[in-house]
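Down below is the structure, laid out as structure tokens.
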């Protein structure tokens with residue numbers, strides 16, 4: 003395989019991975035909801051008001067850290083909130 007074929011194959015893989023990630027986020031938005039205040043330290047799904055990345059919450063049950071849960075589940079969990087504190 004020459005360098006041009008290898009680069010083309012690599013680029014196709016990157017584009018396919020990006021498209022799958024975007025469709026996964028769209029699915030999550032429809033079937034799941036953000037649930038704040040229940041994530042373990044370092045286990046949040048995305049950024050908080052004080053951090054930029056997933057997995058960066060610094061304390062258990064951090065009020066601005068969230069995880070995805072199936073829609074309707076967050077209201078059933080003590081100490082959780084579907085909105086940031």
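In the numbering used here, the protein residues as written are 3 to 87. Quick reminder that beta carbons are idealized off the backbone N, C-alpha and C, glycines included.
Boundaries (first-last residue) of the beta strand (DSSP E) holding residue i
{"i": "residue 69", "result": "68-72"}
{"i": "residue 36", "result": "34-38"}
Neighbourhood of residue i by C-beta distance below 7 Å, restricted to the same chain and skipping five residues each side
{"i": "residue 47", "result": "56, 68, 69, 70"}
{"i": "residue 63", "result": "39, 40, 81"}
{"i": "residue 16", "result": "Any reading at residue 16 needs caution, since the residue's pLDDT is 49, under 50, leaving its predicted position unreliable; the model's value is listed next. Nothing meets the Cβ criterion."}
Residues of its chain near residue i, where Cβ-Cβ distance is below 8 Å and the 5 sequence neighbours each way are ignored
{"i": "residue 87", "result": "38, 39, 65, 66"}
DSSP three-state assignment for residue i, whether helix, strand or coil
{"i": "residue 78", "result": "helix"}
{"i": "residue 51", "result": "coil"}
{"i": "residue 59", "result": "coil"}
{"i": "residue 16", "result": "In this prediction, residue 16 scores a pLDDT of 49, lower than 50, which makes its location untrustworthy; the coordinate-derived value is nonetheless stated afterwards. If DSSP states are grouped into helix, strand and coil, residue 16 belongs with the helices."}
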